[in-house]
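In UniProt numbering, the protein residues as written are 1 to 167. Think of the CB as a built atom: it goes at the ideal place given N, C-alpha and C, for glycine as much as any other residue.
Below you can see the structure in the form of structure tokens.
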């Protein structure tokens, strides 16, 4: 009787040990998968936010430069029309042209950044985010299957133990 008791205890301890190890492993795996998903999701959103911030910053710079361009243009026209010294007209013209060049370059950069942001946002909504969600679904389904196998294994071991087939 004592031998049978030791065998049952050893089998129960073994079953508990295996079960706890398997459950801990699955929990660790699930945490790692969740962490990976969150990191990927955050990286996608960071890129989107970076592009949006870049566009907003460029728009503000564009508006400031546009105001400077308008002021420089009006001063140049004023000096030109009033015929104030050739030197003042030339200085106003150079300033106007310099600001106009900066404005054109910033405009081109802004258009390119807007196109990039628009393309990324479209790609984000149609490909990246759905792809990440699909991957997460596949991973979760695989995890659920693993949990099911573990539960069935534990159930089978318990049934075998109850009917005395574990030696």
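- The C-alpha of residue 44 lies about 18 Å from the C-alpha of residue 137.
- Distance check between residue 20 and each of 154, 10, 123 places 154 closest, using alpha-carbon atoms only.
- Scanning its chain for C-beta atoms nearer than 7 Å, with the 5 sequence neighbours on each side dropped, one finds around residue 117 the residues 51, 52, 55, in chain order.
- When DSSP states are grouped into helix, strand and coil, residue 84 belongs to the coil group.
- With a cutoff of 9 Å on beta-carbon distance, residue 146 and residue 58 are scored as not near each other.
- Cα atoms of residue 151 and residue 127: separation of roughly 36 Å, rounded to the nearest angstrom.
- For residue 135, the secondary structure class from DSSP, reduced to helix, strand or coil, is helix.
- Using a Cβ distance threshold of 9 Å, residue 47 and residue 120 count as a contacting pair.
- Out of 139, 6, 157, 144, the CA that lies nearest to the CA of residue 33 is found in 139.
- In this structure residue 40 is in contact with residue 132, their Cβ atoms being roughly 6 Å apart against a cut-off of 8 Å.
- Using a Cβ distance threshold of 9 Å, residue 76 and residue 96 count as a contacting pair.
- One thing to note: residue 26 has its Cβ within 9 Å of the Cβ of residue 143.
- With fewer than 16 neighbouring CB atoms inside 10 Å of its own CB, residue 7 falls in the exposed class.
- By alpha-carbon distance to residue 42, the top candidate from 148, 18, 129 is 129.
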